[in-house]
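There are 2 protein chains.
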Amino acid sequence: MIYRNYPMVSKVVFGRGSFSQLSDIIAPKRLNVKAPFIYLVDDVFKGNLKLTSRISLAYDDELIFISANEEPKTSQVDALVEQIILKHKDKPSGIIGIGGGTVLDLAKAVAIMLTNTGESKDYQGWDLVKQPAIYHVGVPTISGTGSEVSRTTVLTGPEKKLGINSDYTPFDQVVLDPELTNGVPKNQWFYTGMDCFIHCVESLNGTYLNAFSQSYGEKAYDLCKEIFYDNSGTAEELQDKLMMASWHGGMSIAYSQVGVAHAMSYGLGYLLGVKHGIGNCIVFNHLEEFYPKDVVLFKKMVQLHDIEIPEGICANLEDYQFDIMIDVALSLEPLWENAIGENWKKTITRERLKALYQKM
Amino acid sequence: MIYRNYPMVSKVVFGRGSFSQLSDIIAPKRLNVKAPFIYLVDDVFKGNLKLTSRISLAYDDELIFISANEEPKTSQVDALVEQIILKHKDKPSGIIGIGGGTVLDLAKAVAIMLTNTGESKDYQGWDLVKQPAIYHVGVPTISGTGSEVSRTTVLTGPEKKLGINSDYTPFDQVVLDPELTNGVPKNQWFYTGMDCFIHCVESLNGTYLNAFSQSYGEKAYDLCKEIFYDNSGTAEELQDKLMMASWHGGMSIAYSQVGVAHAMSYGLGYLLGVKHGIGNCIVFNHLEEFYPKDVVLFKKMVQLHDIEIPEGICANLEDYQFDIMIDVALSLEPLWENAIGENWKKTITRERLKALYQKM
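Protein chains in written order, with this note's numbering: chain E, 410 to 769; chain Y, 410 to 769.
Right, here's the structure in full:
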């Protein structure tokens, strides 16, 4: 058995208000005055001076607002890279992503594609990246995705929804400032938090489980329960805890794998553009047969917070569309192997997946 | 408030038998045939072919056995560095520490001192290291110290027992192979495991606590309880869990601080050469007034495993010797500030520490 050699985030700051340290932290990384820092910022912060006034642009530094309404695409990465190369004489000193999973994944992918030739779709897969990325920093503003700690950046390409998994993908620096998650809309808070919860469920119930993943997964699972079920603590404490849950949940799947919900959610995302967090919830809601105890707990949490999980989104789909989703889901072989075991193909049939999608 | 920017271990492998991957992992780091890998190996493995046969020495690579009977010293670091420089034409490609906290700390310190001028005692303190260390790898063979994940290397110098705390101290690579902890003598297993338990107690009860440290500390604390109190799981599962407890316990104090037991244990170590793990146990045994609930739990675990905690080691000391220990303990101001709060000097008097030492 060959074990993974997992690359960790190089440096991490944690604390309420720590975002104010960002400028000082990155200053020594400036290569020269023509090599700018490029900030990719979720456009929900447009006009939010509390955040933007703390980003100090010097020389040719640039702030680019990014809409996170859609899942990140390879075409979007390539366009951003082209825009940056055309505008600036030197390669950037660093890419700083400030936002949720979408913006963080874009920041990681842009940092990689600034030093690797060709198109980003060519790097979707495992260990295809050849050159170290540009210095890149992640600042999550919503908790749950685990993107801040992972070695992947999940992109929707022309042919597949798949991550750029590589040793060069993880951030060189992460700033965990739970204060930045103030004001996240309730539904989004819940859907993204459930991304973390589902990471833990899929890791802890998977065949790839080991003591490393288990210890991180159990902690993140317990934190999710404290936050979404027990609801114990002040608003600030719950924000702090959820940011740590996301971190530990990310580390848990780093050393194991996700499972059924993620595989099927990727299908929904690819075909219908359903965002990852809500997609996971839509799928998980119907996975009693795979994760009985945790689907019950999930439904209780949905009820407690009065969240609406969309239903019937597959009601009017045609057969060829189900086939597309099923193809995407089945292509994610490690996820099924983790969830079901080596012989997963015996029980995970196209018909079974179609029947599940039809319920959603 | 300025938050710490914590440097993490760059890469980590976890798994039973993962030690066999070491050669493949470090191979790409060889600078040239004259730049050897230097293995510092705990001398308990002398003649243990199960371990040494898996270390493949090529070119000028060298294996140096290290006695861990005493706490690591600055003089020992300087002697090792001199020995390596005199023997080899080029600077090493890497230093690989295989052992417990003593050997791991030596490996970190040697890697630093191969690129930084002067003596290692000049670097005891915080952020005094100027040059990046040589590539260094940590392979723990006993669990609990957290040295594998920390940014310090605690050394006894001519004037003080204090760590070389720096961003260059953490390992570039860690191999967590719980199988290597087979055969650790029971007392040592307990004392070193309690080092982890005490890290958690001191972190979780400290004024520096934050959600980052808390999440790691709670997980490591729970794992210690599972291992030493509930005793639940197979021998292999308990080894796996203890290795993760050590890792998480190390991360917990990374972002907070230790407390009373460590401060006083450093005094014992400096004056009497008491090893760190057992020293912590000797001290913690008498700290009911600071950590009431956890000292009770500690005593139960001592009893359950039929461990003898030495007593009376200070019985015949003279006043000037108590003064030395008290000086060392009181010099560790951040530990007291964490344990007691800003105004710790009001309650932590020389008399109080002397009375405590006299009980030990």
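Just so it is clear, CB atoms sit at the ideal spot from N, CA and C, and this is done for glycine as well.
**Request:** Reducing DSSP to helix, strand and coil, say where E/GLN485 ends up.
**Result:** It is helical.
**Item:** Buried versus exposed call for E/ASP514 [16 or more other C-beta atoms within 10 Å across all chains shown]
**Value:** buried
**Cβ-based burial, E/THR590 [other Cβ within 10 Å; buried from 16]** = E/THR590 should be labelled buried.
**Request:** Please list, in chain order, all residues of the same chain as E/TYR600 whose beta carbon is under 6 Å from its beta carbon, the five residues on each side excluded.
**Result:** GLY686, ILE687, CYS690
**Item:** C-alpha gap between Y/ASP470 and Y/TYR532, whole angstroms
**Value:** 27 Å
**Asked** Under the rule that 16 or more other beta-carbon atoms within 10 Å means buried, what is E/SER641, buried or exposed?
**Response** Flag for E/SER641 reads exposed.
**Prompt:** To which residues of the same chain is Y/VAL486 closer than 8 Å at the C-beta, ignoring the five residues directly before and after it?
**Reply:** Excluding residues within five positions, the ones whose Cβ falls inside 8 Å are LEU515, ALA518, VAL519, MET522, SER529, LEU564.
**Request:** Spell out the partners DSSP gives E/PRO416 in its beta bridges.
**Result:** Y/LYS420
**Request:** Name the two residues that bound the continuous beta strand (DSSP E) containing Y/PHE446.
**Result:** 446-451
**Prompt:** Thinking C-alpha only, which one of Y/ALA738, Y/MET769, Y/GLY510, Y/PRO481 is nearest Y/ILE757?
**Reply:** Selected option, being the one with the closest Cα: Y/ALA738.
**Request:** Output, in chain order, the set of chain E residues within a Cβ distance shorter than 7 Å of Y/SER427.
**Result:** TYR412
**8 Å contact criterion, which Y/GLN666 and Y/GLY602 should meet: CB distance rounded** = Rounded, the Cβ-Cβ distance is 21 Å, inconsistent with contact.
**Message:** If we require 4 or more residues per run, which alpha helix (DSSP H) segments fall completely within the stretch 497-574 of chain Y?
**Reply:** List check, alpha helix (DSSP H) in window: 510-522.
**Message:** If contact is defined by three or more beta carbon pairs under 8 Å, each pair taking one atom from either stretch, is the stretch 661-675 of chain E in contact with the stretch 743-762 of chain E?
**Reply:** yes
**Item:** Proximal residues to E/PRO701 (C-beta, below 8 Å), its chain only, five neighbours per side dropped
**Value:** none
**Item:** Rounded distance between the beta-carbons of E/ALA663 and E/SER559, thought under 8 Å
**Value:** The pair is a contact, with the Cβ atoms about 6 Å apart (cut-off 8 Å).
**Message:** Please return the same chain residues whose Cβ sits closer than 7 Å to the Cβ of Y/LYS500, not counting the five positions on each side in sequence.
**Reply:** ALA444, LEU523, ILE543
**Message:** Is the separation between the beta-carbon of E/TYR415 and that of Y/LYS420 shorter than 8 Å?
**Reply:** Yes, they are a contact pair.
**Item:** Local conformation of Y/PHE731 per DSSP, three classes
**Value:** helix
**Request:** Would you check if there are 3 or more beta carbon pairs closer than 8 Å linking the stretch 619-639 of chain E to the stretch 651-660 of chain E?
**Result:** yes
**Request:** Measure the alpha-carbon distance for E/GLN767 versus Y/THR562 and round it to whole angstroms.
**Result:** 58 Å
**Request:** Note down, in chain order, every chain E residue with its Cβ under 7 Å from the Cβ of Y/SER624.
**Result:** Against chain E, a Cβ distance below 7 Å from Y/SER624 picks out LYS628, LEU632, MET653, HIS657.
**Request:** Give me whichever residues DSSP pairs with E/PHE474 in a beta bridge.
**Result:** The beta-bridge partner set that DSSP reports for E/PHE474 consists of E/VAL450.
**Asked** Helix, strand or coil: which one does DSSP assign to E/LEU632?
**Response** helix
**Request:** Please list the partners that E/SER770 has in chain Y, where partner means a Cβ-to-Cβ separation under 8 Å.
**Result:** Given a span of 410 to 769 for chain E in the structure shown, any question on residue 770 of chain E remains unanswerable.
**Request:** From the DSSP output, in three-state form, read off E/GLN582 for me.
**Result:** strand
**Item:** Chain-ordered residues of the stretch 429-459 of chain E with a beta carbon less than 8 Å from chain Y
**Value:** Within the stretch 429-459 of chain E, the residues whose Cβ lies closer than 8 Å to some Cβ of chain Y are GLN430, ILE434, listed in chain order.
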